Structure formats: structure tokens, C-alpha cells
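Worksheet: the structure to be examined is printed underneath.
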Amino acid sequence: MEFSEEWKSFFPIGASTVSPLLQSHSDSLPLGPLLFNPNPNPNSISLLFSSPSLYPPLHHPPHLLPSRFLHFSSLLPSTASSVASLFAPQFQNDTASHFLRNRIHLLRYPHLPNVVVFFPTGPNDDKIGFFMLAVKDSRLHVQLDGNDDVFHAATGSAHRILSISVNPIADFGLPLSTDACPVIGYLLASTLYSVHWFAVKHNAILERPGVFHLGAKVFKTCPLVHACWSPHILEESLVLLENGDLFLFDLESRGSSVGFKGTRLRIPWNDSQNKVWLSCEFSWHPRIMIVARSDAVFLVDLRSKECNVSCLMKIEMLRMYALDENERFLALSRAGPGNFYFTVASSTLLLLCDVRKPLVPVLQWMHGIEGPCYITVLSLSVLRSHSKDDTFKLASESGFCIILGSFWNCEFNAFCYGSILLPFEKGSLSSKLSKISTTFCAWELPSEINLTGHECHCGSCLLRKEFSKDALPEWIDWQLKKEILLGFGILSNDLAALLCDPDENGGFTLIRLMSSGKFELQRYHASWALARNLEDCHEQGLCLDRHLLYPTSDEKYKFPKIFHYLKLDYLYAYASGNLTRFLVTKLKKTQIAARDKEPFCVEVHELLCEKLNACGFGQLRSYPAINSVFKDVKLPASLHEVSLRRLWADLPLELLLLAFLSYAECGEVVGNQDQTKVALEFLAVPGLPQLPPFFLRKSSPHSNDDIVGPVIPFPALLVLNEFRNGCSNLEGEFSVEAELDLRYKEVMQVAGEIAVSAHGPSHLDDYAVSLADDGEETWAGYSKPKSFVLYRPNAFHSSATDHVHGNSIYSDPIYDTFIFHVPEKKSNEQTESVGQEIFDDLSPVELRFDAPVKKLEPQGLKAYNLLKRQMSKWQESFDSYKEFCVHSGFEKSN
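Quick note on numbering: UniProt numbering labels position 520 of the sequence shown as 520, and the sequence is numbered without any gaps.
This is how it looks when you write it as C-alpha cells:
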């Protein structure tokens with residue numbers, strides 16, 4: 001398909017094979033080399049300073065991402081996937097959020113060959129660290145404090161410093177000697193909820209820099225997004241909050257108080273709810289600002305009384321080239337020449353825009369970087385300074401370079417651009433581009449910059465690096481296992497010229513901070529081709545075998561590490577379906593040794609008997625077990641739970657004495673290799689009489705008189721009971737699942753006789769058995785009016801198709817049918833003092849209170865009547881509840 005040159009100019013560079021706005025080096029267009037490689041000289045890397053205090057403070061270890069945690073949880077895969085999708089990408093990795101910004105910033109002295117390096121430091125990055133670099137005799141000297149450590153400046157807050165920005169004082173030609181302590185620049189440090197301003201001064205007596213706190217502003221109601229200095233008025237700064245509020249602060253207008261009273265700019269944002277604000281910058285005028293949001297970039301004009309807001313760029317305009325539905329803007333920066341231009345990066349594209357031409361980008365690139373959050377624009381003359389040949393001097397002075405990248409992913413690319421009509425351009429190029437209404441074009445394709453200077457990009461090293469990533473567990477970020485770049489700064493041209501000899505085509509000198517706590521200095525040079533094989537780094541281990549980013553501490557762990565091991569062979573046998581065979585083998589081996597073991601202590605035995613009798617476990621039972629089970633069903637319970645109670649009621653008291661112990665005996669359940677006894681945690685047996693499994697129990701208060709349990713799983717107790725009854729050959733005869741299924745059918749049969757269905761006829765035919773056939777007891781008095789209700793919650797009302805396709809919560813029907821006892825109707829008359837039974841007419845469920853019996857006095861009755869009226873009003877308006885009462889035969893008292 002053929003497109004016009006004007007239409008092709010709108011295509012991002014890298015999206016099409018032919019772009020009229022992409023220019024390469026030629027004889028008629030001498031752009032010069034635009035690729036930058038680390039100097040291959042081994043002596044080009046200089047270690048400036050190294051300290052463990054420079055490690056980035058990570059106060060949490062690598063953790064499972066929500067998607068992986070939910071994947072291994074008990075949720076269904078479909079449910080886990082839907083829940084994981086609710087987490088936004090920015091919440092998927094909290095560790096990466098600490099490595100989105102450049103951690104170091106340089107401040108050049110106006111008259112001396114010195115530079116001050118600033119960075120966050122401290123146990124929580126809550127202080128500003130700095131040191132001075134001075135050039136003497138063509139060598140760079142590091143000036144630290146008296147303890148060979150960096151200087152510190154406190155913000156007065158313990159919160160983490162998220163970003164630092166410096167604003168140098170312009171050189172007015174005045175020597176520093178005219179003032180004993182002149183101001184050489186201003187510094188701004190921002191945390192999540194506050195901004196702090198500092199003045200950087202030079203102490204001529206001590207010959208060292210000093211940082212003085214000028215004031216702070218705390219935003220209590222909304223987090224801070226970005227803060228920047230004004231390039232027009234040195235004392236002014238702009239602050240953007242998370243809700244879109246803009247504040248303008250002026251250091252000259254500060255009062256004597258500590259806090260600043262910045263001016264809140266009244267900006268009429270439209271449709272700003274649920275939007276993510278990113279950044280703000282000053283434009284070409286002191287009262288014209290650029291504000292970036294995840295979906296748009298705005299121009300704010302405050303020159304008149306009324307604030308004018310216009311849209312410069314919308315994310316919808318990028319849909320033609322960025323097909324991702326989650327495409328959004330990520331970073332913003334001013335661009336040259338002048339302050340009319342700005343550059344903004346989205347998830348896929350990098351755009352150069354002009355505030356005078358809204359909604360029409362000057363240049364577009366496909367950047368190919370994952371999650372770019374750092375962007376800066378430099379003059380090409382900074383990156384190609386101190387060259388031997390001046391052939392490309394004109395191109396260097398008129399060209400610019402955008403550095404876009406991600407510190408967390410260790411990716412940085414250079415995007416060069418400049419004027420289309422250079423003075424030495426002739427011929428068809430000018431006439432070809434004259435039809436396109438633009439003044440800039442891209443110079444060469446984007447290229448990678450290896451800012452770490454340590455990585456070899458040959459095929460073998462890249463392949464070994466990818467294999468190392470795959471070898472790591474998926475919940476560990478590979479960035480935490482290697483040395484990454486935390487921040488960098490480029491020395492000015494005049495300082496760099498004092499440290500090295502001229503390069504063939506020029507270059508730049510970089511100061512960087514690595515995650516290993518090292519400050520390094522390295523020279524880069526402009527080249528015609530990228531260096532893929534770095535001999536000094538080729539043999540270095542690229543395997544991710546060192547954990548460099550980790551929480552640090554000033555002192556070592558001083559407590560002994562003791563590990564307790566639990567044998568889970570019983571659990572493994574049960575999960576494999578071999579519990580009976582496993583236990584019988586164990587019992588045969590230990591039967592002889594058990595005869596010599598001392599019996600229970602008499603005091604403990606009496607205490608257990610008293611406790612178990614209160615819960616319904618009398619040794620002489622006056623009623624059949626099936627009767628005791630249904631008499632205990634007061635609160636709603638599933639029929640599977642009732643079946644378990646039925647099996648518990650059949651166990652003899654001797655086995656129950658094994659399952660329930662006093663808390664003092666639990667210390668002998670598990671021990672470790674150093675003969676120290678360790679008590680496991682169990683739940684306490686409740687004082688309210690009920691059958692196990694107990695409902696709503698509390699944890700043990702760790703009193704020797706408490707009865708806790710069961711300490712032996714119920715399937716093991718069933719096997720022990722059969723073995724105790726003389727059935728020593730159980731390997732192929734007894735099954736816990738079969739025994740539970742038999743009791744479940746019995747409970748279903750009795751439930752059909754004594755209970756009424758709250759949702760019409762119950763489908764119990766599949767479980768119907770004749771109790772007369774096995775000679776067991778039947779429910780005594782089943783001909784009486786039915787006082788139990790059977791019901792299935794609406795959540796379990798699903799069709800057979802839902803079970804096939806996995807849409808049901810459970811696929812086993814033994815859990816979805818519940819039964820409960822309906823209290824008998826009582827008189828409506830209220831005496832002066834009534835008990836807890838007064839609540840029975842509020843609900844079809846017989847309420848049970850685990851509390852001392854108390855009588856309601858007149859004040860309590862008044863509150864009860866108010867509660868009853870509110871409850872009745874809700875019940876009368878709830879159709880499902882009224883239908884439930886009709887089928888169950890429950891009638892409220894009026």
C-alpha cells in the first residue's frame with residue numbers, strides 16, 4: 001500500500017520500514033556517530049566510593065505475587081484467575097516501585113571544578129546523603145566527612161525520600177570569594193506526603209558544601225505525585241498531588257514559620273475522577289505549565305485571571321499504533337530547543353511534542369522498553385564533548401538526545417533528533433521534506449546504552465543470562481539477584497575535559513550508583529557501531545547467583561535458630577488411601593511396648609470424665625446414639641457434620657480419653673532432637689454441652705486445667721476403635737470412607753422422617769435405607785410433629801450442567817443439605833423478668849448462648865421490643881424468608 005510522504009510522517013519510527021522523518025548519516029548530511037559505548041580501556045572505570053550504607057533499603061523479602069498465591073490456594077482456578085485480575089499491574093510488584101526514579105543528582109559549582117553528588121540514604125532513605133568531587137591535577141578527588149562517610153542532611157521526617165531535584169545558581173560572573181558562604185543551588189526532596197526545600201552553600205573556610213533546611217510542606221489528605229523546579233525563577237517550584245491539585249511555592253515569600261504557604265492553583269479539571277496523575281513541568285513561560293495524566297497531557301495557562309486548560313495529547317490518538325488496551329502515559333520531560341517542546345512516553349511509544357501544535361506530535365518512536373519510567377533530554381553536545389575532530393560540531397550543537405529507560409529492568413535507549421534543514425543540507429532532501437510541516441527529524445534509529453558498563457551483549461552471554469532467569473523460582477525477581485543501576489549523572493563538559501584525553505568523536509563521563517553500594521566513574525565515547533563483546537565483562541559470571549538487593553541490618557541475628565520437624569507419615573497415608581494398613585502395621589509393632597506404659601493419672605482421668613460428661617459423653621448412655629446426635633442439632637449443621645457427630649457418639653470413653661487431653665500433657669506430643677518438648681496448639685473443649693465436632697470454639701488459654709483436642713485425627717480414631725474391638729486384620733476390610741458413607745445414609749433416612757423441607761420435597765431417595773434391615777435403633781417418636789427443618793442454601797441450587805462445567809462451588813452433594821431444630825412455640829406473654837428464650841420467636845433457629853443465664857430487666861425488654869419491630873419489618877419485606885417460613889411451618893409471635 002502506497003502512502004504519501006505527509007501521511008508516512010505520522011507513522012512512529014520503527015513501525016514502518018520507510019519513514020521520511022528518519023535520517024541517517026551521509027555525505028550530504030554529516031550527523032556523526034550516534035551510538036555510545038563504554039570505554040574499552042580497563043582503567044576507564046574508577047571506584048569513587050563504596051559503603052554498605054548505600055544499599056537500597058528493602059524492608060520486605062521477595063514475596064508471592066497475588067496470582068501465584070491464589071493459584072496455590074484452595075480456590076477454584078477460575079475464581080483465582082478472576083480475583084488476580086483485579087490487582088492492577090502497579091500492585092503486582094512492590095519491590096520494583098522503589099526503583100522507578102533516578103537516585104542521584106549532580107550540582108555543579110559555578111566557579112570551581114567541583115561537583116556535589118546528592119542521593120537518598122539512611123535506614124529508610126529518610127536522609128539526604130552527599131559528597132563532593134573536586135578535580136585536581138587531572139584527577140578526581142572524593143571529599144567525605146571526618147569518618148570517611150558521606151555527609152548527611154536531615155529532613156526532620158522519618159519518611160522515605162522518593163525523589164530529589166536540584167536547581168543550580170546561574171553563573172553571573174561573580175567570584176565565590178565575595179561571600180563567605182554563598183548559595184550555589186537549591187535542592188528539593190519529596191516524600192509520599194511532604195516536600196522539603198534546602199539551600200546548598202559552599203563553606204569557604206572548611207572548603208566543603210553544606211545543606212541547610214529552609215522549610216517543608218506536609219499534605220495530610222492526599223499523596224504527592226511530582227515536584228519540580230522552575231527554569232525561569234530559581235526560587236519557584238511546582239508540586240502535583242495525586243488528586244490533580246497543583247501548588248506553586250516561592251522560597252522568597254516564605255515566612256519565619258517552618259511550613260510554607262504555597263499558592264493553590266485553581267484549575268478546572270474535567271473528568272478527573274479515577275485518573276492517575278503522573279508529572280508536571282514548567283513550559284516556556286513562568287506561568288505556563290504542562291501536566292501529564294495517564295490518559296492525557298494538558299497545558300495550563302495562568303497568565304490571565306481565569307485559568308485556561310487545553311489538551312496537548314490524548315492516549316486515544318495512539319490507538320492506531322499501540323493496540324494494547326492498557327496503553328497509558330508513563331513519563332514526562334521538558335525537551336529542547338527552548339522550553340516549547342516536551343517529550344512524553346507511553347507503554348509503547350515515545351513522543352516529541354510542541355506546545356504550539358497541540359494534538360500533533362512532532363516525532364514518534366516505538367521504544368520497545370518494558371515499563372519505562374525515567375526520561376531525560378540532553379543536548380547532543382553534552383554526549384559528544386571533548387572530541388579531536390570538529391567535523392560534526394554543528395550537528396552536535398543543533399541535535400538532542402532523549403534517554404528513556406527503566407532502572408528496574410536495566411534497559412536504556414537513546415533517541416536522537418535534530419533540525420531537518422541544516423545549513424549544509426542541499427539537494428533533494430530539503431525539497432522532499434518541505435511539504436511536511438515539521439522542523440525536526442529523527443537521527444538514526446534508537447540505540448541501546450549500556451549504562452551499567454559491566455554487561456557483555458554477545459550471544460553467549462545473553463543466552464546464559466536468559467537461562468539464569470529461567471532457573472530462578474517464578475516468585476523471585478531476577479533483578480534482586482544481580483547488580484543493577486540505581487542512578488546516574490553526567491559530568492559537565494568542562495569538568496570531563498579535565499579528567500581525560502580527547503576522544504576521536506567525543507564522549508561523556510558518567511557517575512553511577514550500583515545496587516552493590518558502589519559509586520563509579522566511567523567514560524563513554526561516540527561510535528559508529530555498538531560494542532557487543534566486552535572482554536573485561538565477558539568472563540564475569542552473568543548467572544544470577546548473588547542476592548545483592550536485600551534488607552540490610554546493622555547487627556547480625558543474635559538468637560539461636562531452632563527448627564522443629566513434624567512427621568506427616570499419617571497424613572500421607574490418609575491422602576494415599578492407605579491409612580488403615582499403615583495404622584494396623586504401627587499398632588502391631590507397638591502393642592507390646594504399650595502394655596508396659598503407665599495408665600492415665602487418676603486426677604487427670606477424673607477431670608477428663610467430668611468435662612466429657614458435661615459435653616454429653618457419659619460412659620452409661622441412657623438413650624441411643626442417634627437420638628443424642630439429633631438432640632444436639634440446635635444451630636444449622638450440614639448432614640455430613642451430623643454424620644460425623646454420629647460416629648463420634650459411637651466411640652467409647654477410653655478412646656475419647658486419647659483424643660482429648662489436658663493442656664499440660666500436650667507438651668509431650670512433639671519433641672525435637674535436643675530433647676526440648678514443644679506443645680502444639682489445639683482448640684479448647686467448650687463448656688457448653690455439645691457433641692464434637694465442636695462449633696465456634698476458642699483457642700486454648702494455656703491453662704493446665706483446660707481440656708483440648710482432638711489431638712488425634714478422627715479417621716485414626718475409627719481405625720483404633722476397630723482394632724480395639726479385635727479386628728486385627730483390617731487391611732482389606734475396613735474403610736473410613738465407607739463407614740462415613742454408611743452413617744451418612746442412616747442420617748439422611750432419619751432426617752427424612754423427622755424433618756420438613758423448607759424448599760418442597762427433598763431428593764433423599766438415593767440415600768434411603770431400611771433401618772429395620774440392620775437391626776439398629778430408629779428415631780423414637782418420629783410420628784410426632786416434625787420439629788426439624790431441612791434446607792439447601794440458594795448458593796447450592798445449580799443444575800447438573802453447572803456441575804459438569806465446574807460452575808458449582810461443590811461437586812459433592814453431601815455438604816449442601818442443612819438441618820436445624822425449630823424451637824417450640826411459647827406464650828407471647830412477657831413477665832417482668834424473662835430470660836434468653838425470649839429471642840426464640842425472632843428466628844426459626846433455636847438460639848444458644850455461650851454465656852451465663854441472665855434475666856432481662858424492663859430496660860432490656862424495651863430494647864428487645866425495638867429490635868423485634870425492626871426485625872419484623874425486614875422479615876415482612878423479604879419474600880424468600882416468608883416462603884421459607886411457610887414451608888418450614890415456622891410462625892413468628894406477634
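Beta carbons: idealized from backbone N, C-alpha and C, even for Gly. From a predicted model like this one, the values you see are computed outputs, not experimental measurements.
{"Check": "Mind the definition here: the segment 406–423 touches the segment 361–372 only if three or more C-beta pairs lie below 8 Å; say whether that holds.", "Outcome": "yes"}
{"Check": "In whole angstroms, what is the alpha-carbon distance linking residue 768 and residue 738?", "Outcome": "Residue placement at residue 768 cannot be trusted, given a pLDDT of 41 that sits under 50; what the coordinates show is reported in the next sentence. Rounded to the nearest angstrom, the two C-alpha atoms are 16 Å apart."}
{"Check": "Which term fits residue 150, buried or exposed, when burial requires 16 or more other beta carbons within 10 angstroms of its beta carbon?", "Outcome": "buried"}
{"Check": "Starting from residue 487, trace the beta strand (DSSP E) in both directions and tell me its first and last residue.", "Outcome": "485–490"}
{"Check": "Just checking my contact of residue 720 with residue 757 at CB under 8 Å: how many whole Å lie between their CB atoms?", "Outcome": "Contact doesn't hold; Cβ gap of about 38 Å is too wide."}
{"Check": "Just the C-alpha distance for residue 139 and residue 514, rounded to the nearest angstrom, thanks.", "Outcome": "22 Å"}
{"Check": "Could you tell me the alpha carbon to alpha carbon distance between residue 236 and residue 230, rounded to whole angstroms?", "Outcome": "6 Å"}
{"Check": "Which partner residues does residue 821 have in the DSSP bridge list?", "Outcome": "788"}
{"Check": "Using 8 Å as the threshold, is the segment 207–214 in touch with the segment 191–199, meaning 3 or more CB pairs across them?", "Outcome": "yes"}
{"Check": "Starting from the Cα of residue 645, find the closest Cα among 746, 133 and 340 and give me that residue.", "Outcome": "746"}
{"Check": "Residue 51: which of 36, 585 and 122 sits nearest, CA to CA?", "Outcome": "122"}
{"Check": "Under DSSP, the beta strand (DSSP E) around residue 44 begins and ends at which residues?", "Outcome": "Per DSSP, residue 44 belongs to no beta strand (DSSP E) and is neither H nor E."}
{"Check": "Going by beta-carbon coordinates alone, are residue 159 and residue 126 separated by less than 9 Å?", "Outcome": "yes"}
{"Check": "For residue 520, count neighbouring Cβ atoms within 10 angstroms of its own Cβ and tell me buried if that reaches 16, exposed if not.", "Outcome": "buried"}
{"Check": "Any idea if residue 886 is buried or exposed, counting beta-carbon neighbours within 10 angstroms, 16 or more meaning buried?", "Outcome": "exposed"}
{"Check": "For residue 30, I'd like the list of residues in its chain whose CB is within less than 8 Å of its CB, leaving aside the five on either flank, ordered along the chain.", "Outcome": "391, 392, 395 and 424"}
{"Check": "Rounded to whole angstroms, how far is the Cβ of residue 450 from the Cβ of residue 382, which I believe are closer than 8 Å?", "Outcome": "Incorrect: roughly 18 Å between the Cβ atoms, too far for contact."}
{"Check": "Count Cβ pairs between the segment 353–364 and the segment 494–503 that sit closer than 8 Å; are there 3 or more?", "Outcome": "no"}
{"Check": "Could you name the residues of the same chain whose beta carbon sits closer than 7 Å to that of residue 56, not counting the 5 residues immediately before and after it, in chain order?", "Outcome": "98, 486, 515 and 549"}
{"Check": "Taking the alpha carbon of residue 294 as the point to measure from, which residue in 319, 331, 261 and 266 has its own alpha carbon closest?", "Outcome": "331"}
{"Check": "The alpha helix (DSSP H) that contains residue 737, what's its start and end?", "Outcome": "736–754"}
{"Check": "Of the residues 786, 870, 575 and 610, which one's Cα is nearest the Cα of residue 706?", "Outcome": "610"}
{"Check": "Can you tell me where the alpha helix (DSSP H) holding residue 494 begins and where it ends?", "Outcome": "493–497"}
{"Check": "Does DSSP put residue 271 in a helix, in a strand, or in coil?", "Outcome": "coil"}
{"Check": "May I ask which residues mark the beginning and end of the alpha helix (DSSP H) holding residue 874?", "Outcome": "858–876"}
{"Check": "Buried or exposed: where does residue 273 fall if 16 or more other Cβ atoms within 10 Å of its Cβ makes it buried?", "Outcome": "exposed"}
{"Check": "If you check the beta carbons only, do residue 359 and residue 317 fall under 9 Å apart?", "Outcome": "yes"}
{"Check": "In this structure, does DSSP put residue 197 in helix, strand or coil?", "Outcome": "strand"}
{"Check": "Do residue 691 and residue 650 have their CB atoms nearer than 9 Å?", "Outcome": "no"}
{"Check": "Is the beta carbon of residue 708 less than 9 Å from the beta carbon of residue 819?", "Outcome": "no"}
{"Check": "So for residue 317, helix, strand or coil by DSSP?", "Outcome": "helix"}
{"Check": "Below 8 Å on the Cβ atoms is my contact criterion, and I expect residue 142 with residue 48 to pass it. Report the Cβ-Cβ distance as a whole number of Å.", "Outcome": "5 Å"}
{"Check": "In three-state DSSP terms, what is residue 799?", "Outcome": "Residue placement at residue 799 is poorly supported in this model, since its pLDDT is 47, which falls under 50; the coordinates still yield a value, given next. Three-state DSSP puts residue 799 in coil, outside helix and strand."}
{"Check": "Given this structure, state the Cα-to-Cα distance separating residue 914 from residue 461, to the nearest angstrom.", "Outcome": "The requested residue 914 does not occur in the structure, where the chain is confined to residues 1 to 894."}
{"Check": "Pull up the distance between the alpha-carbon of residue 878 and that of residue 871, whole angstroms please.", "Outcome": "11 Å"}
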